[in-house]
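First comes the structure, then the notes that go with it.
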Amino acid sequence: MEQTDVRERVARLLAEHDPARTDRLAFLRARFDAGLAWVHFPVGLGGLAAPRAHQVLVDEELAAAGAPDNDPRRIGIGLGMAAPTVLRYGTEEQQHRFLRPLWTGEEVWCQLFSEPGAGSDLAALATRAVRDGDGWVVNGQKVWTSSAHTARWAILVARTDPDVPKHAGITYFVCDMTDPGVEVRPLRQITGEAEFNEVFLTDVRIPDTHRLGPVGDGWRVAQTTLNNERVAIGGQAMPREGGMIGVVARTWRDHPELRTPDLHQRLLGSWVDAEVARLTGERLRQQLASGQPGPEGAAMKLSFARLAQELSGLEVELLGEDGLEYDDWSMRRPEIVDFTGREAGYRYLRAKGNSIEGGTSEILRNIIAERVLGLPAEPRGDKDLPWKELPR
Amino acid sequence: MSGEVDLLYSEVEEELRASVRALLARKASAEAVLGRCESAEPYDPALWRALAADLGLAGLAVPEADGGAGAGWREVAVVMEELGRSAAPVPYLGGAVLGTAALLAAGGGGLLPDVAGGRRVAVLAVPLTSGPGAALPATVAADGAGVLRGRVTSVADALVADVLLVPARDADGVAGLYAVAAGDVEIVRRTSLDLTRPVAHVLLDGAHGQLVAAGELAEAAVRRALLVGAGMLASEQLGIAEWCLATTVAYVRERRQFGRAVGSFQALKHRLADLWLEVVGARAAARYAAATLAADDPDAEVAVAVAQAYCGALAVRAAEECIQLHGGIGMTWEHPAHLYLKRAKADQLALGTPGHHRAELGRLVGVHM
Numbered sequence: 003m004e005q006t007d008v009r010e011r012v013a014r015l016l017a018e019h020d021p022a023r024t025d026r027l028a029f030l031r032a033r034f035d036a037g038l039a040w041v042h043f044p045v046g047l048g049g050l051a052a053p054r055a056h057q058v059l060v061d062e063e064l065a066a067a068g069a070p071d072n073d074p075r076r077i078g079i080g081l082g083m084a085a086p087t088v089l090r091y092g093t094e095e096q097q098h099r100f101l102r103p104l105w106t107g108e109e110v111w112c113q114l115f116s117e118p119g120a121g122s123d124l125a126a127l128a129t130r131a132v133r134d135g136d137g138w139v140v141n142g143q144k145v146w147t148s149s150a151h152t153a154r155w156a157i158l159v160a161r162t163d164p165d166v167p168k169h170a171g172i173t174y175f176v177c178d179m180t181d182p183g184v185e186v187r188p189l190r191q192i193t194g195e196a197e198f199n200e201v202f203l204t205d206v207r208i209p210d211t212h213r214l215g216p217v218g219d220g221w222r223v224a225q226t227t228l229n230n231e232r233v234a235i236g237g238q239a240m241p242r243e244g245g246m247i248g249v250v251a252r253t254w255r256d257h258p259e260l261r262t263p264d265l266h267q268r269l270l271g272s273w274v275d276a277e278v279a280r281l282t283g284e285r286l287r288q289q290l291a292s293g294q295p296g297p298e299g300a301a302m303k304l305s306f307a308r309l310a311q312e313l314s315g316l317e318v319e320l321l322g323e324d325g326l327e328y329d330d331w332s333m334r335r336p337e338i339v340d341f342t343g344r345e346a347g348y349r350y351l352r353a354k355g356n357s358i359e360g361g362t363s364e365i366l367r368n369i370i371a372e373r374v375l376g377l378p379a380e381p382r383g384d385k386d387l388p389w390k391e392l393p394r
Numbered sequence: 002m003s004g005e006v007d008l009l010y011s012e013v014e015e016e017l018r019a020s021v022r023a024l025l026a027r028k029a030s031a032e033a034v035l036g037r038c039e040s041a042e043p044y045d046p047a048l049w050r051a052l053a054a055d056l057g058l059a060g061l062a063v064p065e066a067d068g069g070a071g072a073g074w075r076e077v078a079v080v081m082e083e084l085g086r087s088a089a090p091v092p093y094l095g096g097a098v099l100g101t102a103a104l105l106a107a108g109g110g111g112l113l114p115d116v117a118g119g120r121r122v123a124v125l126a127v128p129l130t131s132g133p134g135a136a137l138p139a140t141v142a143a144d145g146a147g148v149l150r151g152r153v154t155s156v157a158d159a160l161v162a163d164v165l166l167v168p169a170r171d172a173d174g175v176a177g178l179y180a181v182a183a184g185d186v187e188i189v190r191r192t193s194l195d196l197t198r199p200v201a202h203v204l205l206d207g208a209h210g211q212l213v214a215a216g217e218l219a220e221a222a223v224r225r226a227l228l229v230g231a232g233m234l235a236s237e238q239l240g241i242a243e244w245c246l247a248t249t250v251a252y253v254r255e256r257r258q259f260g261r262a263v264g265s266f267q268a269l270k271h272r273l274a275d276l277w278l279e280v281v282g283a284r285a286a287a288r289y290a291a292a293t294l295a296a297d298d299p300d301a302e303v304a305v306a307v308a309q310a311y312c313g314a315l316a317v318r319a320a321e322e323c324i325q326l327h328g329g330i331g332m333t334w335e336h337p338a339h340l341y342l343k344r345a346k347a348d349q350l351a352l353g354t355p356g357h358h359r360a361e362l363g364r365l366v367g368v369h370m
């Protein structure tokens, strides 16, 4: 699939569905059906089986024509995590059922992975799914679920066999968030708002047709989701001074009266780190585009978290007296999370989550050390024990 | 900016790397480098001939019309990486990088064919600590007939120079860049922190210099050489860091204490993961600097300042981690880790400290005090 073919398809879509006179949803559905949703996906599932690099062209031309987008920030979990997993492990029927409304944003997705007793050690999860006729009955508690209150579907990992070691007894499902056994409670965080939820699952029924991948193979399926999550968190293309460094540099330039030599040195140090992180991301994208994927993806998320924390902390100091204030502690449930949004105090507090969500920085360092550098794993006692015999 | 700049290594660059690495593995083993560094001949002339003349690396950045290979600073950067990995004692930075960049910018002075062919080494006579953006050093005075008096301290690779490219000022303060035969000056070897690239003072007492460039052209040539040198040095620093990381990882996988490989302890794994992360960043920064220098991209100054601010400190950290994580053996003269620490620490001062480059950057991108 050449660039010119892609360009032609964009032109045809725009000719047949003038964005100025087409309903937003109708346009998005037409875009999906034209294979221009995610061009690297297969034909018939919103794509053209084209190189991923062509997507930039599509997005640019459609934006220039004033076409509506699918508001990707509102449906990040669906786009970034559920979709690649459904594509890789879903049946044809599941792919056709889920991917179109996922991409258009008609159906929001959330992720039911972490539990109070299974964070970094996700494979220790205790939510049980028990076979019942042609379906499953699920009981347990999940946590740190963003979008649970707006979601139609969830990707869910649950324990289907407690008698085998923990990684082997997990199965991956798509869970209907409108099931009467699903209860969503907001979980207020240090910023004052509740962008996450606790989700209680009581006798939730899931048909076996909503299982992704084989029974007992959920850990492998989940790896697809988690790898994509890290790419989604750390991997966006950035202009120079994009993200948090841009926010702080702007504050610095706008407020000469706040400058101190110490903050100047630290800001320049972070400016260098931010630019190096940007170049690293750029190099990673070039590697992917030329078909030589590197292990730098995990690196991106680690650098992103460290920089966001350093810079947001620096900005609060830079603001002096204004740094003592906070914009709003009231409890809200935002649909969109913007790390560089709101004011400095919020950004500082929110950035604390960057090194925890989507794999803590400590777990990522283990992954780099073991998978990239080839260092031996820590000796561990839980690998071969049946899950039910693990100390808890 | 980096949108159009290729940050990867081309196939040709990888082939170049492979041939340099193979040569260095044969002729610049750790034992060989260590054995030479306290001798009367700290540089390896046979290795230099093989690199400069046989492989043609001295003239990589020189156009074919001037007897060079017609490649560019991207390729030179790959050589610098490999030289950093081996801490090889050859005058590549002072000659093939700083001297050659100055000659290229100054019009050549008829020296380029010999320099590119590896037949003569022309070293830029500036203190190794000179950073890009600094004023042209004015410690040497020239009279109207090109007779030079003064001194230039701490010059890298001067010990094996055939020609010194000396910046000087005349009685009116006009700058000039002069080529001086090494035999006509006194070169005083200093006992140097960096065992594999010792510095020397160059004393000029009536030596005759051939004027290569005068006035603004001379100033621009030295400025350009320092910018290129700082950019290329980032690749050497990357190579140092890569060697330190790889050597340390190999060691902690083998070394056993408490009944297990010490590399299985998270305290060590996390340190090495962080170091790897920084090496990955250094590679992107050094490649960007090399690519913008090669293309004469207007962003080269920012690129070099970023690469130096980052890679200078990283190479030192990598060498320090290397010694610490090797434990006692890392502290011995016998183990080569100290060669890299000494090179890394001297490199951190070379061509502008990280602090110098951060200040430059602040000026360039408008983050002022």
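Protein sequence lines correspond, in order, to chains A and B. If you read the first sequence in my numbering, its first letter stands for residue 3, the second for the next number, and so on. If you read the second sequence in my numbering, its first letter stands for residue 2, the second for the next number, and so on. Built from N, CA and C at the ideal position, the CB exists for glycine as well.
Backbone CA spacing between residue i and residue j [nearest angstrom]
i: L377 of chain A; j: A291 of chain B; result: 32 Å
i: M179 of chain A; j: R26 of chain A; result: 25 Å
i: F341 of chain A; j: E195 of chain A; result: 13 Å
i: T293 of chain B; j: R9 of chain A; result: 31 Å
i: P114 of chain B; j: G69 of chain B; result: 7 Å
i: A97 of chain B; j: A231 of chain B; result: 13 Å
i: G282 of chain B; j: L286 of chain A; result: 10 Å
i: R284 of chain B; j: A301 of chain B; result: 16 Å
i: T192 of chain B; j: V80 of chain B; result: 27 Å
i: R359 of chain B; j: A41 of chain B; result: 38 Å
i: Y10 of chain B; j: E16 of chain B; result: 10 Å
i: A234 of chain A; j: L8 of chain B; result: In this prediction, A234 of chain A has a pLDDT of 47, which is less than 50 and means its spatial position is unreliable; what the coordinates show is noted afterwards. Distance between the alpha carbons of A234 of chain A and L8 of chain B is about 22 Å.
i: E312 of chain A; j: I247 of chain A; result: 10 Å
i: A304 of chain B; j: E391 of chain A; result: 56 Å
i: E361 of chain B; j: V368 of chain B; result: 10 Å
Buried/exposed call for residue i, threshold 16 Cβ in 10 Å
i: E323 of chain A; result: exposed
i: H212 of chain A; result: buried
i: G236 of chain A; result: With a pLDDT of 43 at G236 of chain A, under the threshold of 50, the modelled position of this residue cannot be trusted, and the question is left open.
i: A351 of chain B; result: buried
i: R190 of chain B; result: exposed
i: T6 of chain A; result: exposed
Contact set between residue i and chain B, taken where Cβ atoms lie within less than 7 Å
i: S292 of chain A; result: L9
Under 8 Å by beta carbon: chain B residues contacting residue i
i: G376 of chain A; result: V250, R254
i: Q289 of chain A; result: L9
i: S305 of chain A; result: L278, G282
i: P381 of chain A; result: R261, S265
i: R373 of chain A; result: The premise fails here: R373 of chain A is roughly 10 Å from chain B at the closest Cβ pair, so nothing lies under 8 Å.
Residue i - containing alpha helix (DSSP H), residue span
i: E364 of chain A; result: 363 to 369
i: K390 of chain A; result: Run containing K390 of chain A: none; DSSP gives neither H nor E here.
i: P182 of chain A; result: From DSSP, P182 of chain A is part of no alpha helix (DSSP H); its letter is neither H nor E.
i: I324 of chain B; result: 301 to 327
i: E243 of chain B; result: 217 to 255
i: A346 of chain A; result: 346 to 353
Partner residues on chain B for residue i, Cβ-Cβ distance less than 9 Å
i: W389 of chain A; result: Simply none; closest approach about 24 Å.
i: N368 of chain A; result: Q267, K270, H271, A274
i: E364 of chain A; result: Q267, H271
Amino acids of chain A, ordered along the chain, whose beta-carbon sits closer than 9 Å to that of residue i
i: L362 of chain B; result: L270, W273, V274, E277
i: A285 of chain B; result: V278, A279, R280, L281, T282, G283, E284, R285, L286, E298
Limits of the unbroken beta strand (DSSP E) element including residue i
i: H202 of chain B; result: 200 to 209
i: Q113 of chain A; result: 111 to 114
i: F34 of chain A; result: Run containing F34 of chain A: none in the beta strand (DSSP E); it sits in the alpha helix (DSSP H), 26 to 35.
i: A169 of chain B; result: 164 to 170
i: L203 of chain A; result: 198 to 209
i: W155 of chain A; result: 155 to 161
Beta-carbon neighbours of residue i, restricted to chain A and to distances below 8 Å
i: G367 of chain B; result: R255
i: A221 of chain B; result: Correct list: empty, because the minimum Cβ distance to chain A is about 26 Å.
Beta-carbon neighbours of residue i, restricted to chain A and to distances below 7 Å
i: M370 of chain B; result: R261, P263, H266
i: V307 of chain B; result: V274, E277, V278
Subject >> Selection of the region 256 to 282 of chain A by Cβ proximity to chain B, strictly under 9 Å >> reply: Only those residues of the region 256 to 282 of chain A whose C-beta falls short of 9 Å from the nearest C-beta of chain B are listed: P258, R261, T262, P263, H266, Q267, L269, L270, G271, W273, V274, D275, E277, V278, A279, R280, L281, T282.
Original post:
Using Cβ-Cβ distances below 7 Å, what residues of the region 301 to 328 of chain B are close to chain A?
Top reply: Only V307, A310, Y311 from the region 301 to 328 of chain B bring a Cβ to less than 7 Å from some Cβ of chain A.
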